[in-house]
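The next block holds one structure in the form of structure tokens; read it before the comments.
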Amino acid sequence: MFRRFVAVVAAAGAVALSAAPASASPTHNWQPVKTNSNWECSAYGQHSAYAGVWGGVRFKTCTVMGNTWDTKAQGVLVVQNLANQDIYIEKGRIVFESNMGGDVWCAASNLAAGATAGCFAPSISPLNCQLTTGVDTELTILGRTDTDWVRGREVPC
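The sequence shown runs -24 to -1, 1 to 133 under mature numbering (1 follows the signal peptide of the UniProt record, and there is no 0).
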């Protein structure tokens, strides 16, 4: 009986030690946004939580590429508050080149009336002469989650 107990405990311990820990994407804060020619974005879309509200809240998804000599790529979720009141962003999410670590959660945050902010995913180094995956984003405000997407970008050779 004691041997059976030891065998069961040993087997359970082996299973527990062999299980890989779950990996989670990091959480990033919102930052000011200034775009240039290295940015390629979807069109702004109205967030459903503020549909019908004057000004409302708009968001878009972007891919930022480095110059020819810098082949880094980055996904960005941009939020613009056109309402006449501050809003609370519950969360955001960027999924971009998951196998290279380009995914990120965007921290809960207040966004002032009239402000624009971006959540930047980590920079990744895609292969030269390849097409990156598209960037998928989610934005949750007032319990409503809306999604957006922008196509992949060609990495210079």
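We put the CB at the ideal spot given by N, CA and C, even for glycine.
Contact under 8 Å by Cβ, residue i with residue j
i	j	result
L53	C95	yes
residue 137	D62	For the chain, the structure presents residues -24 to 133; residue 137 sits outside this window and is missing.
S101	T47	yes
A93	V55	yes
Residue burial classification, residue i (beta-carbon count within 10 angstroms, cutoff 16)
i	result
K10	exposed
T3	exposed
R127	exposed
V(-16)	At V(-16) the pLDDT is 37, less than 50, meaning the model places this residue with poor confidence and gives no usable figure here.
G90	exposed
residue 158	Nothing in the structure corresponds to residue 158, since the chain is present only between -24 and 133.
Alpha-carbon spacing of residue i relative to residue j, whole angstroms
i	j	result
L58	S99	29 Å
A(-3)	C82	Confidence at A(-3) is low in this model, with a pLDDT of 38, below 50, so its placement is unreliable and the value that follows should be read with caution. Cα to Cα, the separation comes out at about 19 Å.
W125	S18	7 Å
T109	E130	9 Å
N5	C133	32 Å
L107	A49	11 Å
G42	A84	28 Å
D122	V29	16 Å
Y64	E73	28 Å
D79	A97	6 Å
residue 165	F35	Given a span of -24 to 133 for the chain in the structure shown, any question on residue 165 remains unanswerable.
M76	W15	20 Å
8 Å contact criterion, which residue i and residue j should meet: CB distance rounded
i	j	result
Q22	G31	Actually they are not in contact, since the Cβ atoms of Q22 and G31 sit about 10 Å apart, beyond 8 Å.
CB contact below 8 Å: residue i versus chain B
i	result
T121	Protein chains in the displayed structure number just one, and chain B is not present.
Just checking, does the region 69 to 76 make contact with the region 103 to 123 on the three C-beta pairs under 8 Å criterion? Taking a contact to require three or more Cβ pairs closer than 8 Å, the region 69 to 76 and the region 103 to 123 qualify as touching.
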